[in-house]
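Okay, structure first, notes after.
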Amino acid sequence: MSTSELTAQTVQDQVEAWLDANWDPDLTVQRWWKLLADAGLSYPMLAAPFGRGYTREQANGVSAALRAKGAMGPPAGVGTFLAMPTILSHGTPEQIERFVRPALEGAESWCQLFSEPGAGSDLAGLQTRAVRDGDEWVVTGQKVWTSTGQHAEYGILIARTDPDQPKHQGISYFLIPMLQPGIEVRPLREMTGHAVFNEVFLDGARVHDSLRLGDLGAGWAVANTTLNHERAGIGEASGGFGRALTGAVAGHLDRPCHEFLHGARPQMGQGHISPGTLKRFVAMATERGVLGDPLVRQLYAELYTRVQVITWSAKRARGGAGGRTGVEGPLAKIAMTEAVQCGRELGCRILGPDAQLWGDEAMTEGWFQELVVFSPAPGIYGGTDQVQRNIIGERGLGLPKEPGHPRETPFKDLPANAIR
Ligand SMILES: Cc1cc2nc3c(=O)[nH]c(=O)nc-3n(C[C@H](O)[C@H](O)[C@H](O)COP(=O)(O)OP(=O)(O)OC[C@H]3O[C@@H](n4cnc5c(N)ncnc54)[C@H](O)[C@@H]3O)c2cc1C
């Protein structure tokens with residue numbers, strides 16, 4: 000049977016048989032992720048030699064098999080979500096060879112060095128400078144909101160390499176080693192109680208020119224590839240269980256998988272509502288005896304409808320050029336923000352005042368409470384909802400651009416802290 004003829008069920012059956020022969024919770028995380036990568040099962044939608052060239056539906060069969068067998072999922076995070084697809088699109092053969100396989104095995108950990116204190120929504124207004132010194136670039140500036148920067152070994156970095164060029168043209172994209180004297184990472188604690196974000200100070204940090212991704216000065220286009228992946232796939236859950244961290248710094252690779260399977264909760268982006276989350280809400284409502292509550296039913300119907308629309312829109316977006324609007328990413332991102340907020344309302348209605356319990360007393364093993372405190376985030380990361388609406392207006396509907404300076408104005412001539 001050729002790959003294109005495989006149904007999701009056949010894939011699931013085949014992968015379950017493979018798991019019977021290979022999955023063992025006593026394996027180290029490193030060994031398990033390597034086995035998955037060797038079998039092309041880490042990201043099976045990638046073409047060979049990295050994946051199996053599966054469609055989304057076939058890949059869902061892999062996820063279903065991992066869940067059915069209670070197996071740990073593939074590595075997740077900035078490495079596989081953002082760095083790997085960007086490197087596959089823009090990298091030299093040497094860069095692809097060097098970085099993609101380790102990302103699939105979770106051997107290296109990555110962070111995204113895009114946002115700055117004065118450049119979030121106006122990302123192209125970034126001030127971090129990279130100045131050439133022989134075969135290397137010397138980078139100076141500050142980044143912020145850098146998720147998982149404290150255990151990252153590499154960062155995807157955008158920096159200004161030519162301030163004489165207009166602001167979108169003088170930017171280059173680098174794959175910068177994080178563990179070096181010129182980089183200081185300071186964690187920031189969030190209201191979730193976790194310290195996912197960091198401030199990152201670059202003071203004479205060095206990156207070799209061979210680690211520049213794409214042409215000199217073409218970093219804005221490369222960054223847009225990253226941002227498109229971020230918007231279209233935000234919160235997308237990978238199959239399987241467990242939440243071990245990639246890379247050597249976090250110290251998870253040498254530990255057995257079973258340590259990360261405690262509570263055996265499917266891997267789930269906190270900023271994400273999936274069909275699996277819908278089932279959890281039904282189970283919650285059943286357990287609390289509120290399935291007949293009209294408001295619970297109304298909110299559930301709304302959430303169910305939203306998830307269906309998200310699923311169908313994603314299918315249409317993947318269905319080729321016909322019928323595409325070009326703004327599928329921003330639309331998907333806003334739809335998910337609204338679904339998360341709807342899920343927050345539904346869960347609070349189901350649990351009532353108990354939704355406020357935290358820590359050991361938390362209902363639902365705390366997953367719903369985590370969703371609540373994280374729920375403002377999806378409307379911000381990957382570009383705020385307001386910015387997504389601007390993109391839809393300008394690129395999708397052809398509305399006039401926001402007022403600003405002419406695009407050809409050299410960056411150095413733009414007034415600082417003004418609309419650029
Ligand atoms: C959970 C989380 C994780 C993140 N992880 C990372 C990461 O790993 N790496 C990284 O580089 N960044 C990361 N970010 C940063 C994120 O990309 C920025 O927060 C986002 O782009 C907004 O930038 P800002 O915070 O500077 O807000 P600002 O740009 O200062 O915006 C402030 C407000 O003004 C509004 N606004 C701004 N400009 C416009 C406009 N033109 N039209 C209408 N409204 C406007 C915004 O919508 C917002 O409401 C993360 C953010 C979050 C919440």
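Residue numbers (numbering that gives the first Met the number 0): 0 to 419. Even glycine gets a Cβ: it sits at the ideal position worked out from N, Cα and C.
8 Å Cβ cutoff, residue i in contact with chain D
| i | result |
| --- | --- |
| ARG30 | Chain labels in this structure do not include chain D; a single protein chain is all it has. |
Residues that residue i bridges to, as DSSP identifies them
| i | result |
| --- | --- |
| SER171 | ALA158 |
| TRP136 | ARG131, VAL206 |
| LYS142 | VAL199 |
| THR27 | PRO255 |
| VAL386 | The partner list for VAL386 (beta bridge, DSSP) is empty, contrary to what the question assumes. |
| GLU183 | PHE200 |
| TYR153 | TRP109, PRO176 |
| PRO165 | PRO409 |
Cα-Cα separation between residue i and residue j, rounded to whole angstroms
| i | j | result |
| --- | --- | --- |
| THR336 | SER1 | 38 Å |
| GLY52 | GLN13 | 15 Å |
| ALA106 | GLU93 | 18 Å |
| LEU18 | ARG97 | 28 Å |
| GLY72 | LEU45 | 16 Å |
| VAL184 | MET177 | 9 Å |
| THR91 | LEU212 | 8 Å |
| TYR303 | LEU277 | 7 Å |
| GLY268 | HIS228 | At GLY268 the pLDDT is 48, less than 50, meaning the model places this residue with poor confidence; the figure from the coordinates comes in the next sentence. About 15 Å. |
| ASN197 | GLY291 | 45 Å |
| ALA64 | LYS411 | 54 Å |
| ALA354 | PHE367 | 8 Å |
| ALA7 | ALA316 | 19 Å |
| ILE309 | ALA338 | 9 Å |
| THR85 | ILE95 | 10 Å |
| CYS256 | TRP32 | 10 Å |
| GLY365 | ASP359 | 8 Å |
| SER120 | ALA415 | 15 Å |
| VAL10 | ASN59 | 9 Å |
| SER374 | LEU298 | 17 Å |
| GLU15 | GLY69 | 11 Å |
| THR422 | TRP136 | Missing from the structure shown is residue 422; the chain here goes from 0 to 419 and no further. |
| ALA123 | SER146 | 20 Å |
| ARG131 | ALA102 | 28 Å |
| SER209 | LEU215 | 11 Å |
| ARG305 | ASP163 | 46 Å |
| ALA222 | ALA129 | 16 Å |
| GLY203 | GLY250 | 28 Å |
| THR408 | ALA158 | 18 Å |
| ILE333 | ILE272 | 13 Å |
| PHE49 | LEU244 | 21 Å |
| PHE259 | ALA331 | 31 Å |
Reference residue i; option with closest CA among the options
| i | options | result |
| --- | --- | --- |
| LYS161 | HIS89, THR147, TRP219 | Checking the sequence, you will find Asp at residue 161 rather than Lys. Of the candidates HIS89, THR147, TRP219, the one whose C-alpha sits nearest the C-alpha of ASP161 is TRP219. |
| ALA20 | ALA38, GLU152, GLY291, LEU187 | ALA38 |
| LEU187 | ARG323, LEU125, LYS142 | LYS142 |
| LEU413 | PRO165, ASP134, LYS33 | PRO165 |
| ARG394 | GLU327, PRO402, SER120, ARG128 | GLU327 |
| GLY133 | THR85, ASN223, HIS207 | HIS207 |
| VAL77 | ALA300, GLY246, ALA123 | GLY246 |
| THR191 | GLY60, TRP357, VAL10, PHE49 | TRP357 |
| SER108 | ALA118, MET83, ASP121 | MET83 |
| ARG254 | TRP22, ASP163, ARG30, SER312 | ARG30 |
| SER41 | ALA16, THR79, THR127, PRO24 | THR79 |
| ARG55 | SER3, ASP359, GLY346 | SER3 |
| LEU174 | GLY241, LEU81, LEU103 | LEU81 |
| PHE113 | VAL372, ILE170, GLY60 | ILE170 |
| VAL248 | CYS110, GLY117, ALA361, LEU226 | CYS110 |
| ARG205 | TYR153, ASP214, ALA282, LYS400 | TYR153 |
| PRO180 | ARG343, GLU189, VAL195, VAL199 | VAL199 |
| ASP384 | GLU369, ALA47, PRO329, ALA282 | PRO329 |
| PHE240 | SER62, ALA217, GLY270, ALA47 | SER62 |
| PRO405 | GLU104, HIS167, LEU294, GLU369 | HIS167 |
| GLY346 | GLY50, VAL99, PRO24, GLU301 | GLU301 |
| ALA284 | PRO274, VAL371, VAL295 | VAL295 |
| THR224 | ILE155, HIS193, ALA194 | ILE155 |
| TYR380 | VAL195, ALA151, LEU34 | VAL195 |
Note to self: In chain order, what are the residue ranges of uninterrupted alpha helix (DSSP H) at least 4 long that sit wholly in the stretch 276-342?
What the structure shows: 293-317
Note to self: Could you tell me which whole beta strand (DSSP E) segments of length 3 or greater appear in the stretch 59-120?
What the structure shows: 109-112
Notebook entry, point to check: Which ranges would you report for the alpha helix (DSSP H) in the stretch 195-248 if only whole runs of at least 4 residues count?
Noted result: 218-232
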